[in-house]
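Here is the structure we will look at, set down as structure tokens.
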Amino acid sequence: PIDFQAQPWKIKKEGKMKRLSILLTAVFILVLCLFGSSYAKKKPKEIILPLIIDLSGPYAPITVPAFSGFSDAAEYVNQQGGVKGVPLKPLIRDCGGRVNVAISHYMGFREMKPKPLTVFISVSAEGEALRKRIVEDNLMAMSVPGGTSIYPLANTFGLYPLYQDMFGGFMDWVVENWDFNKMGRNPRIAILTWDTTFGRAILTPEVDDYAKKKNIDIIDKVLFSIRDLDVTTQLIRIKMKKPDWVYTNIAVDGAVAIAKSAQGIRYKIKLGGNTTFDWSTIMLGGKIMDGATLVCTFKSWDDAADPGIKLITKWFKEKKRKPTERTLVYQLAWANVLTMQKVISKAVDEVGWDKLDGAAVKRQMEKLKDFSPLGLTYYSFSPRKHAPGKGYIAQIKNGKIIPISGWRELPDLRPAKHR
13 PIDFQAQPWK IKKEGKMKRL SILLTAVFIL VLCLFGSSYA KKKPKEIILP
63 LIIDLSGPYA PITVPAFSGF SDAAEYVNQQ GGVKGVPLKP LIRDCGGRVN
113 VAISHYMGFR EMKPKPLTVF ISVSAEGEAL RKRIVEDNLM AMSVPGGTSI
163 YPLANTFGLY PLYQDMFGGF MDWVVENWDF NKMGRNPRIA ILTWDTTFGR
213 AILTPEVDDY AKKKNIDIID KVLFSIRDLD VTTQLIRIKM KKPDWVYTNI
263 AVDGAVAIAK SAQGIRYKIK LGGNTTFDWS TIMLGGKIMD GATLVCTFKS
313 WDDAADPGIK LITKWFKEKK RKPTERTLVY QLAWANVLTM QKVISKAVDE
363 VGWDKLDGAA VKRQMEKLKD FSPLGLTYYS FSPRKHAPGK GYIAQIKNGK
413 IIPISGWREL PDLRPAKHR
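For the sequence shown, our numbering begins at 13 and goes up steadily by one.
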């Protein structure tokens, strides 16, 4: 009988099959080594964007539109493909303007599985309180830019320039339009601002030094409560010192309180402010806000011919948003979502899905140079500077914010130890 198990040709064939199997396994392992485990790890189903926003507290008139803005912007971005095919999903929590509530929401975010990459913060005091925790949890944050929420440098980036930088830009404009020879003196500015982390952000030695450098006299610094609706007493004190301008670092109710109180004592005040002094203030105060001069850092809603404004206006109308939602924060939400789409996509290119974390996103944020989402604003960051630095001068006329200058670089007034 023939013993087929002992046939040499059979043994030789089996040996070849074993060697081929070993070779294929080795090739597979080599591919994993060369290209990383991103081939083995699936993309996430969605990328959560956690948002801590004041929807019911003192900042609500300007920040409530964040809900609509983030929803609309995320839908738009997801229609464009999201982050390499992965949709973005905003997750909004109301803090009511209270730091303890914001911290509670944050603690919930950090326990999510998978852990988020980023967090958005809408109140300066909350950004300040969470700055170190965000580093510990390896997240990247965008926050309204109270100086202490951004510096010392950590993982937080400004949603717009530092408040002191915008004040510096206002001082630049004042000097450009001041005839020292004709007037025979320096321009005089009084500060009237909220007694909050946000309001006090412009009360720094760097601001005082810059005023001296520009030959501007800061003749008074007066605070009032965020709850105050009448500042007549403060304005009487300021009026006696005869300032040329009264500059404020506040939003909504605060700016209206100043304008109404000035009207009540027949004080023809020349009011200056910044990008947070927006359309919500105009809607609340009406014609008494006309004449204010602002350092703006987002395109004016009233620039109807601008392509970016056209696009978000189209979405605003199609989604039947309320007129009161036409504020800075609706635009800011769009800019934030588009920025997250860009930097998270770049981070995936660099490290793959398997190693994607807050540190990778932070590195991409620090590489942004004049990134302008829909042309609404400009974001430039670096490993040494986490706040953008461009704005323009505008004035309120007939209930509209009208640009009176082009985009310009604002002075860098962060503390020298953080440069």
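Cβ atoms here follow ideal geometry from the backbone N, Cα and C, with glycine treated the same way.
Grouping DSSP H, G and I as helix and E and B as strand, with all else coil, what is residue i?
i, result
"residue 336", "helix"
"residue 267", "helix"
"residue 130", "strand"
"residue 392", "coil"
"residue 306", "strand"
"residue 261", "coil"
"residue 165", "coil"
"residue 90", "helix"
"residue 106", "strand"
"residue 63", "strand"
"residue 196", "coil"
Judging by CA-CA distance, which residue of the options is the nearest neighbour of residue i?
i, options, result
"residue 118", "138, 101 and 99", "138"
"residue 320", "307, 384, 356 and 261", "384"
"residue 121", "61, 310 and 79", "61"
"residue 280", "55, 235 and 272", "272"
"residue 166", "155, 175 and 176", "155"
"residue 181", "397, 334, 299 and 286", "286"
"residue 420", "99, 196 and 382", "382"
"residue 359", "95, 65, 87 and 215", "95"
"residue 185", "172, 145, 228 and 213", "228"
"residue 10", "174, 56 and 82", "Within the shown structure, residues of the chain are numbered from 13 to 431, placing residue 10 beyond reach of any answer."
Based on DSSP bridge pairs, tell me the residues matched to residue i.
i, result
"residue 205", "235"
"residue 402", "421"
"residue 2", "Nothing about residue 2 can be read from this structure; the chain reaches only from 13 to 431."
"residue 407", "305 and 414"
"residue 286", "307"
"residue 229", "200"
"residue 100", "59"
Quick check: the Cα distance between residue i and residue j, rounded to an integer number of angstroms?
i, j, result
"residue 413", "residue 342", "16 Å"
"residue 378", "residue 169", "9 Å"
"residue 266", "residue 402", "25 Å"
"residue 134", "residue 75", "8 Å"
"residue 116", "residue 128", "16 Å"
"residue 426", "residue 289", "21 Å"
"residue 260", "residue 417", "20 Å"
"residue 143", "residue 301", "35 Å"
"residue 294", "residue 411", "6 Å"
"residue 240", "residue 269", "8 Å"
"residue 429", "residue 164", "9 Å"
"residue 361", "residue 404", "34 Å"
(request) Could you tell me whether the segment 147 to 155 touches the segment 367 to 385, using the rule of 3 or more Cβ pairs below 8 Å? (result) yes
(message) With a threshold of 8 Å, are at least 3 pairs of Cβ atoms found where one atom belongs to the segment 249 to 261 and the other to the segment 225 to 241?
(response) yes
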